[in-house]
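Colleague: Residue numbers (my numbering): 134 to 480.
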Amino acid sequence: MFSEEVLKSPSNHISMDVSNIVTPQQPKSQQQQQQQQNEKHTKKWSIDDFNIGRRLGEGSYSTVILVEEKKTGFLCALKVIKKSIIRQYQQEHQLIRELEIHMRLFHKHILRMYDFFYDSSRIYVILEYAANDTLASYLKRHQRLDNTRTATFIYQIADALNYCHHLKIMHRDLKPENILLGQFHEIKLADFGLALHCPSSRRTQYIGTMDYMAPEVIENEDVNIDDLSCSSVDSTTTKSPMPYEESADLWSLGIITYELLVGTTPFYDPDLIVTKKRILSCDYVLPDYVHTDAGHFINHLLKYDRQQRLTIPNVFEHSFIRTFAQINFLNETLHHFASMHHSPNNT
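#1: Hey, how far is the Cα of Y437 from the Cα of S253?
#2: Relative to the alpha-carbon of Q402, which residue among V395, Y417, I389 and T390 has its alpha-carbon at the smallest distance?
#3: Kindly indicate the opening and closing residues of the alpha helix (DSSP H) around T130.
#4: Give the single residue among F183, N295, R245 and I256 whose Cα lies nearest to the Cα of S217.
#5: Output yes or no for whether 8 Å exceeds the beta carbon distance between T397 and L434.
#6: Kindly indicate which three-state DSSP category A323 falls into: helix, strand or coil?
#7: Report all residues from its chain with a CB closer than 7 Å to the CB of L394; omit the five preceding and five following residues, and keep chain order.
#8: In whole angstroms, give me the CA-to-CA distance for A328 and E191.
#9: Which residue wins for smallest C-alpha separation from H242, given the options V258, A263, D248 and L228?
#10: If you compare alpha carbons, which of T408, E378, K410 and K409 is closest to I445?
#11: Please state whether DSSP places I460 in a helix, a strand or coil.
#12: Helix, strand or coil for M343 per DSSP?
#13: Expressed to the nearest angstrom, what Euclidean distance is found between the alpha-carbon atoms of D248 and I388?
#14: Is it buried or exposed, V407, if we count other Cβ atoms within 10 angstroms and call 16 or more buried?
#15: Determine the closest residue to S414 out of A381, I351 and S380, with distance taken between C-alpha atoms.
#16: Could you tell me how far apart the beta carbons of L383 and L322 are, in whole angstroms, since I believe they sit closer than 8 Å?
#17: As an exercise, report each continuous alpha helix (DSSP H) stretch of at least 4 residues that is fully enclosed by the region 188–261, in chain order.
#18: Thinking just about the alpha-carbon of each residue, which of C297, N353 and F457 is nearest to the one in L244?
#19: Does the distance from the C-beta atom of A481 to that of H240 stay below 8 Å?
#20: Tell whether a beta-carbon distance below 8 Å holds between V197 and K212.
#21: Secondary structure at T285, three-state DSSP: helix, strand or coil?
#22: Quick check on this structure: which residue in I312, S193, L189 and Y251 has the alpha carbon closest to the alpha carbon of S179?
#23: Do you know whose CA, among I229, R187, E261 and R411, lies nearest G315's CA?
#24: Below 6 Å CB to CB, which residues in the same chain sit around R188 once its five sequence neighbours on both sides are set aside?
#25: Where do the N-terminal and C-terminal ends of the beta strand (DSSP E) with L313 fall, by residue?
#26: For L405, which residues in the same chain have their Cβ closer than 8 Å to its Cβ, ignoring the five residues on either side in sequence?
#27: Taking the DSSP output, what are the residues bridged to T481?
#28: Restricting to Cα atoms, I'd like to know which of F317, N311 and I460 is closest to Y345.
#29: Just reading off the alpha helix (DSSP H) that S270 is part of, what are its end residues?
#30: What is the DSSP secondary structure of F183, reduced to helix, strand or coil?
#31: Rounded to the nearest angstrom, what separates K410 and F183 at their Cα positions?
#32: Excluding the 5 residues flanking L419 on each side, which residues of the same chain have their C-beta closer than 6 Å to its C-beta?
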């Protein structure tokens with residue numbers, strides 16, 4: 134396994150290098166050359182440190198492969214990103230944001246980012262290996278899940294969200310494709326490419342996947358979502374979009390609950406316009422076979438008025454979770470109450 138020094142290295146390594154990893158090489162001053170010489174002693178990894186295995190997945194800008202660290206035999210996932218593609222589609226800021234956010238997260242239900250390194254053409258992100266693929270592929274194999282499996286998954290997702298939200302981090306793209314399963318089929322929340330850290334808990338810009346978007350997100354779709362800063366909206370704009378909060382992630386949690394139990398998302402239609410209308414009117418049907426507690430849980434997450442949605446503490450206490458999720462409630466409840474009162478400034 135990686136040494137403790139390596140496991141603790143991402144924050145220092147990224148804060149030093151992350152702003153420069155995508156930009157083309159520029160002529161260096163003597164001071165910059167000296168700094169580069171000093172940094173050579175801090176960079177720990179190269180592609181030659183790994184045995185390359187099979188491809189695990191592929192995204193718009195990256196490929197993920199299974200690798201083995203040669204010295205220890207430790208298995209991990211290596212996310213390989215081509216700099217040329219990042220620059221071509223002007224995704225530099227999004228990539229930097231993903232690394233800066235992910236490096237701060239240390240939670241049992243969040244996929245661990247160990248470190249990163251780069252060469253002249255590629256960026257390599259060393260990630261925890263989730264042995265059982267995605268929640269989406271798991272659902273595809275099983276078609277729909279029982280109450281126990283669903284409640285357990287949802288509890289673990291909420292546990293990860295609780296941690297993120299207390300750090301003022303919104304995931305913004307919560308869906309089964311972005312949720313991995315570890316060795317024991319435990320949840321590993323992943324893909325923080327659209328996540329946002331902002332000192333304010335209220336946002337007016339959002340990116341995500343239509344089927345999982347909250348109504349307030351749909352209503353603000355004409356907002357310039359390319360502006361990812363934390364600054365307030367320009368008062369000269371023609372529309373004053375309604376800001377939203379972490380409750381948008383809770384709406385997505387309700388969508389996932391429905392999907393796990395039923396096998397489809399509640400508002401799906403081949404026509405995206407119809408999907409939008411159904412989301413805005415909360416037009417969905419719960420099949421008769423859905424348990425009463427599960428139905429109540431879903432109905433109180435999929436509320437148009439975000440102030441009426443369940444909060445994460447409500448999720449932990451709901452009868453659907455308490456009845457069906459396979460957890461030790463005494464220990465977990467104590468853990469959640471402790472984490473809810475734990476400020477990052479106290480670490």
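Ideal Cβ positions, reconstructed from N, Cα and C, are used throughout, including at glycine.
Modeller: Let's see:
#1: Taking the sequence shown and counting its residues from 1, the one referred to as residue 437 is at position 304. Taking the sequence shown and counting its residues from 1, the one referred to as residue 253 is at position 120. Pairing Y437 with S253, the inter-Cα distance amounts to about 48 Å.
#2: Taking the sequence shown and counting its residues from 1, one reaches residue 402 at position 269. Gln is not the amino acid found at residue 402; the sequence shown has Asp there. D402 has its Cα closest to that of Y417, out of V395, Y417, I389 and T390.
#3: With the chain covering 134 to 480 only, the question about residue 130 has no answer from this structure.
#4: In the sequence shown, counting from the first residue as 1, residue 217 sits at position 84. For the residues F183, N295, R245 and I256, the minimum Cα distance to S217 belongs to I256.
#5: For the purposes of this step, residue 397 is taken as the residue at position 264 of the sequence shown. For the purposes of this step, residue 434 is taken as the residue at position 301 of the sequence shown. No, the pair does not count as a contact, with Cβ atoms beyond the cut-off.
#6: Along the sequence shown, read from residue 1 onward, the residue named residue 323 stands at position 190. It is coil, neither helix nor strand.
#7: Against the sequence shown, residue 394 aligns to sequence position 261. Hits under 7 Å: R277, L278, T283, V423 and A427.
#8: For this step, residue 328 is matched to residue 195 along the sequence shown. For this step, residue 191 is matched to residue 58 along the sequence shown. Because the pLDDT of A328 is 45, which lies under 50, any placement of that residue in the model is unreliable, and the number read from its coordinates should be weighed accordingly. Their backbone Cα atoms lie some 19 Å apart in a straight line.
#9: Your numbering for residue 242 matches position 109 in the sequence shown. Comparing alpha carbon positions, the residue from V258, A263, D248 and L228 closest to H242 is A263.
#10: The residue labelled residue 445 in the question sits at position 312 within the sequence shown. Residue E378 is the option with its Cα nearest to I445.
#11: Along the sequence shown, one-based indexing puts residue 460 at 327. I460 falls in the coil class under three-state DSSP.
#12: Translated into the one-based positions of the sequence shown, residue 343 becomes position 210. Three-state DSSP puts M343 in a helix.
#13: Within the sequence shown, residue 248 is the residue found at index 115, counting from 1. Within the sequence shown, residue 388 is the residue found at index 255, counting from 1. About 32 Å.
#14: Reading the sequence shown from its first residue, position 274 is the one you call residue 407. Its Cβ having fewer than 16 others within 10 Å, V407 is exposed.
#15: For this step, residue 414 is matched to residue 281 along the sequence shown. Out of A381, I351 and S380, I351 has the C-alpha closest to the C-alpha of S414.
#16: Locating residue 383 in the sequence shown gives position 250, counting from the first residue. Locating residue 322 in the sequence shown gives position 189, counting from the first residue. Wrong, their Cβ atoms sit about 14 Å apart, outside the cutoff.
#17: Secondary structure in the region 188–261: the alpha helix (DSSP H) runs of 4 residues or longer, each lying completely within the stretch, are 216–221 and 225–235 in chain order.
#18: What you label residue 244 is simply residue 111 of the sequence shown in a count that begins at 1. It is C297.
#19: Because the chain in this structure spans residues 134 to 480, residue 481 falls outside the shown range and cannot be described.
#20: Here residue 197 refers to the residue found at position 64 of the sequence shown. Here residue 212 refers to the residue found at position 79 of the sequence shown. For V197 and K212, yes; Cβs fall inside 8 Å.
#21: Walking along the sequence shown from the start, residue 285 turns up at place 152. Note: T285 maps to helix in three-state DSSP.
#22: Here residue 179 is taken as the residue at index 46 of the sequence shown, counted from 1. Considering only alpha carbons, the answer is Y251.
#23: Sequence index remark: in the sequence shown, residue 315 carries index 182 (1-based). Residue E261 is the option with its Cα nearest to G315.
#24: Here the question's residue 188 lines up with position 55 in the sequence shown. Only I198 meet the Cβ criterion.
#25: For the purposes of this step, residue 313 is taken as residue 180 along the sequence shown, with counting starting at 1. Run containing L313: I312 to L314, per the beta strand (DSSP E) assignment.
#26: Reading the sequence shown from its first residue, position 272 is the one you call residue 405. Here the set comprises M343.
#27: As shown, the chain starts at 134 and ends at 480. That puts residue 481 outside it, with no answer to give.
#28: Locating residue 345 in the sequence shown gives position 212, counting from the first residue. Residue N311 is the option with its Cα nearest to Y345.
#29: Position 137 of the sequence shown, counting from 1, holds the residue named residue 270. First-last of the alpha helix (DSSP H) with S270: L268 to H275.
#30: Reading the sequence shown from its first residue, position 50 is the one you call residue 183. DSSP places F183 in strand when its eight states are reduced to three.
#31: Residue numbering aside, residue 410 sits at position 277 when the sequence shown is read from its first letter. Residue numbering aside, residue 183 sits at position 50 when the sequence shown is read from its first letter. Straight-line spacing of the CA atoms in K410 and F183 works out to 49 Å.
#32: Taking the sequence shown and counting its residues from 1, the one referred to as residue 419 is at position 286. Take L419, set aside five residues on each side of it, and the residues of its chain with a beta-carbon closer than 6 Å to its own are G428, in chain order.
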